[in-house]
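Positions in the sequence shown are counted from 1; adding 375 to them yields the working numbering.
Don't be surprised by glycine CBs; every beta carbon is placed ideally from N, CA and C.
If you're wondering where the values come from, they're calculated on a predicted model, not measured in any experiment.
Below you'll find the structure, written out as C-alpha cells, and then a few comments.
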Amino acid sequence: MDDSDDEYSRSHGETLTFVDPEDDGVSIGNTQDSQFAYEQFSVPTQSSQATDLLPGGTDGTTNDLPFHDVEDDESDSEKSLTEEQHEQKLPEHACRYCGISDPLCVAKCTVCRKWFCNSNDGTSGGHIVHHMVRSQHKEAYTHKDSPCGDTQLECYRCGSKNVFNLGFIPGKKDQVVVIICRTPCASIAFQNDDNWSPEDWKSVIAEKQLLSWIVNVPSEEQVARARKITATQAVRMEELWRDHPEATVDDLNKPGLDREPDHVQLRYVDAHHYSKVFRPLVAIEAEYDRRVKESASQAVGTVRWEQGLRQSVLAFFHLPQFADGVMKLAKGDELRLKHSQTVDGSEWTKIGSVFKIPDNHGDEVGIEIRGAVDKSVMESRIMFTVDVVWNATTFERQYKALAALLNDSKAISPYLYQKLLGHPAEEMMLKFDLPRRLSVAGLPELNSSQMQAVKQVLTRPLSLIQGPPGTGKTVVSATIVYHLVQKTEGNVLVCSPSNIAVDHLAEKIHKTGLKVVRLCARSREHSETTVPYLTLQHQLKVMGGAELQKLIQLKDEAGELEFKDDLRYMQLKRVKEHELLAAADVICCTCSSAADARLSKIRTRTVLIDESTQATEPEILVSIMRGVRQLVLVGDHCQLGPVVICKKAAIAGLSQSLFERLVLLGIRPFRLQVQYRMHPVLSEFPSNVFYDGSLQNGVTENDRHMTGVDWHWPKPNKPAFFWHCSGSEELSASGTSFLNRTEAANVEKLVSKLIKAGVQPHQIGVITSYEGQRSFIVNYMHTQGTLNSKLYENVEIASVDAFQGREKDYIIVTCVRSNDILGIGFLSDPRRLNVAITRAKYGLVLVGNAKVLARHDLWHELINHYKSKEMLYEGPINALKPLNLALPKATIRTKNNIAGNANRFGIKRMQYTFNEYKSNDPSQPRLPPTYSNSQNLLSMSKLAQTFNKNVPIPAHMMDPNVYAAARNQKDRRRGDQRRPPPQAEAAMDLSQGMMSQQSQQYPPQGASSQSQYLLDGASSLSGWSQSQTTTTTTRHHHHRQNRNSQQQMSQDMDDIQQKMDDLLFSQDC
C-alpha cells in the first residue's frame, strides 16, 4: 500500500465515527419482492415497535454523524501528523467508501468510474459488489498494477460484461481459467463439450465478494487503518450519488440531508395528527416510485409489430432489465416507445398499455398502442427505446382521501372515525333482521364458523374477517354482500387492492343473482379480465341504447370520431354510465378506483374490502371516504402484507395494513376455521404454527387422493416431503436476487417425473421467493429439460406474491438460500412461508438445504416436523433415502411483528402490558407487546427470569372458560374425569409462582376507573376470533359430564385471576 493511503488511513480511521444503527437492507425496499431482504418484514407500530427503531436509538438522540476529536492524550507530534495527512489528497483509485488504495485490492466501476475495494468491512459484501448492487452498475475494471492488469471483466465468448452473470471454468492447462457468462454461453458449452459439466462453472462473486485471485481482499491491518463506514452510510452515499456524483462521505453530515419521517402510531390525537403522519409517507413512496420508473429508460433494439383489435397496433420487444429482475412491470402499466431516426429527423413517440409480460410462453413484452402508427416507423424495426410512464393518480387519490378525513366531517361516520384514530368508542349494533337462512343460492353451503361470521358482520358497523388459506373467505364475502344488498338502501361497494381479487369476488357475487358492475380504471378498460360480461364498458354496448351503440361501433371500427360525433358520444356515455352504476346492486373495483369520478355521485354507505391486509392504510382510506357507515375488512394478517417499494416508508410503518393496526387496538377478527383446500397432512403444520391449531379440515385424505397418476410418495399416505440439496446460492444477473442451480435442476427433475406420471402441466406450480431463481428455472427447463419444452410452458413458475390467494394441485417450493454465513433473507418471514406451503391441494415438495435453514427457528420447526413425520429425504429423485440429520440448534430467531402474535409465528391471543393500556397519549412511545408460546406454557420458564412490571396479560389466564375449552379433546369425548396432565399443572404452578413473586415485589395500590375498565374488557382484547369464543362457550355448556373437573379448573383459574388482578393494580405506572 502506498504512503498516501497509509497516512490517510491512520488519520481518518481514528477520527471518523458513524453512530447509525446497523442496517443491512437494500435501497429498493419492496417488501414483497425478492430484492427486499430486510429482516423486519412487518413494520412495528407505536404499540409494537422496538425502541431501537426510534430516531437515534433509545435515548432519543438524532442520527447525525459527528466527527469526534482525537484522544486528549495524543502527542503533539501525532496531532501535527494528522493535520498534514488531512491536507494530502487520496489517490484517484482509493475506495470511495473507506479510502483503501492498494492497487491489488481495488476495482473500478466502469459505469460511474468510481473505485472501490474488496473489503466487506461495515457492509454485507465487498465494497465494489455493494456499490454495483445498489447503483445497478454491473461492469468492473481491475487496476493496471493488479495481477490481472488493466482488464475489463467480460465473457470470452459473447463479450457480456455483467459481473453478476460471469463465472469461470478451469482450463485444460494449469493456472488457466476461462471467464464465461452463466447464461447463455456456459449452458451452450456444457451441452456441446463433454469435458465440461455444470458443476465446473463457478461465479466470480462468492459470499458477495469478488474472488481473491481477481481482486485481493484487504488485510486486517489495512482495514484497521481505513475509514470506518456502516451499511447505512453506504446506502445513503449511493442515494446521494444519484443527484451529486462527486459527493463524499463528509457530505453525509450536512443537516437535513436525510430526515427520517415520523413513524405510524397505534392511536392518533385527531385527523390532523393522522394526516401529518401519513402524508409524508405517501409523498416519499410516490417520489421513490417516480424516480425508479423514470430511470428505467432502456434501448430495446428490434420491435415486432402486429395489427390489433379496435384499430390498435401491438408492439412486441425484449426488455433486458426486466429479464434481469431489475425492472418491475404489470399488465395495465403504460410504456412510452420512442424512435429518433425518422424520415424528417424528428422523434416519434407513442404510449401503449402493457398487455403481455414475459412468462413460460415467451420472454417478450407486449404493448397495445391506440391509434395509427406510421408505416415508416414500423418498417424501421430497430433503434427503439422504452420509457416507463409514471402514473401519479393512485398517490393523488390518497392525498385527497387524507384531506377529506381532515376537512369533511361527512366523509365517514363518527363511529368509524373514532375507530380509525384508535379512540375508545361505545360499541354499536345495527338494526338488522337476520334472515332465517344465511346460505345463498348459487354459493356453497356455509359451515358453522362461516355462519357465525356472517351473523356478526351484518349487525356491526365495523368488522374484521380473518380468512386463513382455503377457508372460503370469498364465499363468505359474497354471502355478506348478498344480505347487505337486501337490507341496505343504495349500492354496496366491493373493493380490493388487486384487479385479480376484484374479478374473482365479482364473479362469486354475480352467481347470487345480484346486479354487478365491474368498474375498471380507464387505462385498463381494454385489458383482459375473467369477467368481461360484468364490466361497465361491456354493459354500455349491450344496454346503452341504439344511438350510443352505433357510435361505439363506429369508434371501434374507425378508431376515432369526428369532433361533433365525439362530443355526442361522450355525453351519451357519461349519462348511461351513471344510470348503470346507480342501478347496480354491487359495484366492484380496486381501492384506488373507488375515487373514480364516475362514482362521485353514487351513494354507497356500505363497503367491503377483500384482501385488505395487502393494502396500505391510505389506500384503504380512498375507498371509505365516501360517507361510509358500515365497513367490512376481509383478509389474513398471517399472509403477505402491502407492497411498499420505498424502504424508508416501509420502515416508518406504511407497510402495515389498517387490518393489522385494528387488531393491535383490540378489535377481534372473526376467524374462519374450516379449510377445504389442503390434504390433512399438508394443513397440519400451518394450522399448528400459524393459526395455533384452530384450523379444521373440511376434506378427507380420500378426497385428496389423486387417481390415475402413477406417482408414489416416499412415505405412503403422506403427500409431502422435504428434499435436502446442498447446492450453493449465487447472485443473479440483476445483482439484487439469488439463484441456486442445483435446486433448479432438481425442480426440473421433479416436474418431469410428475408429468411422466400423468399429472397435467397446468396442475403443477413452482414457487420461489427470488426472481433470479424463477428466471433461471424457466430458461433451464426450455434449454436443458428432459421433456419437450412445450410441455413446460403450462407449468406455472412464479413468486410467492403471485401465488397469494391461489392454489394448484401440486406445489414445488425451491428455497434457494444456501451459504456459509447462514443468511436466508426474507425466507425467515413467517407470512411468506405460510403462503408458500398452503397453496397445494394434493401434494407438496420443498427443495432446500436443511442444514442451513434449520439454523433459523422458524425453519427448524418446519424441518423438525417433516423429520418427525419421516418426510425428510436426500439423494437422487429415483433413489430417495431418509436424511439422517441431527438438526443443529436454532441460533437465529425470527423477527416477528405480526399483530396479535401468540406463539412465535402464529396468531391467536394478544398480550398487552398494563403500562401500554394505561397510556392514551399517542405521542408517547409504547413498548412492544410480549408474546408467549401458548402451545406449551412451560416455555414461559425463560420469561420468568426477566419478568418485570411490563408483565403481559394473556387472555387464557383471565377467562377460565377459554382454558377449559383448550383441554385435550380426546379426553373430553371419552368423558375422562382425570386430573389435568402434569404439564398443565406444572405450567399453572409456574404461573402462580411468577405472579406471587411479582405481587411481593410490587405491593398493591388503588386501581383507577380506567384500569378497571381495561381489566373488564381483557377477554375481548384477546386475539381469539369471536366465532372461537362462541364455540368455546357452547362446548362448555354441552359437556356436562366434565362439570366436576371444569369446576375445579375454574376455581384454580379464579385464583390465578385474583393474583393477576393484584399484580396489575400493584404495577408502578
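Looking at the strands, I want to know which residues DSSP matches up with residue i.
i       : result
Gln682  : Val688
Asn1072 : Gln1050
Glu334  : Residue 334 is absent from the model: the chain starts at 376 and stops at 1444.
Arg711  : Ile726 and Asp762
Thr965  : Ser871
Trp490  : Lys483
Thr1143 : Ser1174 and Thr1189
Asp477  : Partner(s): none; Asp477 has no beta bridge.
Gln673  : Val761
Lys731  : Gly741
Tyr1248 : Trp1098 and Pro1257
Leu956  : Partner(s): none; Leu956 has no beta bridge.
Leu1029 : Leu1029 pairs with nothing; no bridge assigned.
Ile984  : Cys870 and Leu1008
Ser1106 : Reading off the sequence, residue 1106 comes out as Leu, not Ser. Leu1106 pairs with Phe1113.
In whole angstroms, what separates the C-alpha of residue i from that of residue j?
i       : j       : result
Glu739  : Pro695  : 10 Å
Gln1050 : Asp1078 : 13 Å
Glu903  : Asp708  : 13 Å
Gly727  : Ser1174 : 26 Å
Ser510  : Arg772  : 31 Å
Asn1194 : Phe543  : 19 Å
Asn1072 : Leu915  : 44 Å
Thr760  : Cys480  : 38 Å
Leu813  : Ala828  : 11 Å
Trp571  : Asn874  : 47 Å
Thr517  : Leu586  : 12 Å
Gln924  : Val917  : 8 Å
Gln1005 : Ile984  : 11 Å
Ser670  : Val1019 : 18 Å
Glu1146 : Lys731  : 18 Å
Lys651  : His638  : 11 Å
Val1038 : Gln640  : 13 Å
Gly842  : Phe1113 : 32 Å
Suppose contacts are defined by Cβ-Cβ distances below 7 Å. Is residue i in contact with residue j by that definition?
i       : j       : result
Ser1203 : Thr1161 : no
Gly1110 : Phe539  : yes
Ile1446 : Val1122 : A question about residue 1446 goes unanswered here, because the residues of the chain that appear run from 376 up to 1444.
Phe807  : Lys883  : no
Ala776  : Met1053 : no
Pro1094 : Asn1209 : no
His858  : Leu821  : no
Pro1089 : Leu1255 : yes
Asn1169 : His1137 : yes
Ala482  : Ser476  : no
Phe1151 : Ala1119 : yes
Val1009 : Ala970  : no
Val579  : Leu541  : yes
Leu909  : Arg899  : no
Inset, instruction - Check whether the stretch 566-578 touches the stretch 596-603, taking contact to mean three or more Cβ pairs, one atom from each stretch, closer than 8 Å. - result: In this structure the stretch 566-578 does not lie against the stretch 596-603, because fewer than three pairs of beta carbons, one per stretch, are closer than 8 Å.
Inset, instruction - Give a yes or no on contact between the stretch 1221-1238 and the stretch 1096-1108, applying the rule of three or more CB pairs nearer than 8 Å. - result: For the pair of segments examined, the stretch 1221-1238 was found to touch the stretch 1096-1108: the number of CB pairs separated by less than 8 Å reaches three.
Legend entry - 3 or more residues per run - each beta strand (DSSP E) lying fully within the stretch 826-910: The qualifying runs are 837-841, 866-871 and 891-893.
Legend entry - Segment contact flag, the stretch 488-496 with the stretch 534-544, C-beta cutoff 8 Å, min 3 pairs: The answer is no - the stretch 534-544 does not touch the stretch 488-496, with fewer than three Cβ pairs under 8 Å.
Inset, instruction - Let me know the beta strand (DSSP E) ranges lying completely inside the stretch 1168-1204, each 3 residues or longer, listed in chain order. - result: Fully enclosed beta strand (DSSP E) runs of 3 or longer: 1171-1174 and 1183-1189.
Legend entry - Segments assigned alpha helix (DSSP H), at least 4 residues, entirely inside the stretch 510-590: Counting only runs of 4 or more, we get 562-567.
Legend entry - Stretch pair the stretch 601-614 + the stretch 503-517: three plus CB contacts closer than 8 Å: Taking 8 Å as the limit for Cβ pairs, the verdict is that the stretch 503-517 does touch the stretch 601-614.
Inset, instruction - Would you check if there are 3 or more beta carbon pairs closer than 8 Å linking the stretch 836-854 to the stretch 790-806? - result: Per the Cβ contact rule, the stretch 836-854 is in contact with the stretch 790-806 (3 or more Cβ pairs under 8 Å).
Inset, instruction - Could you say if the stretch 622-631 and the stretch 976-996 meet the contact criterion of at least three C-beta pairs nearer than 8 Å? - result: The stretch 622-631, when compared against the stretch 976-996, does not touch it at the 8 Å Cβ threshold.
Legend entry - Sufficient close CB pairs (3 or more, under 8 Å) joining the stretch 1023-1034 to the stretch 783-791: Output reads no: the stretch 783-791 does not touch the stretch 1023-1034.
Inset, instruction - Spell out a yes or no on whether the stretch 864-873 and the stretch 903-912 are touching, meaning 3 or more CB-CB pairs, one atom from each, closer than 8 Å. - result: Look at the beta carbons and you see the stretch 864-873 not touching the stretch 903-912: under three pairs across the two are nearer than 8 Å.
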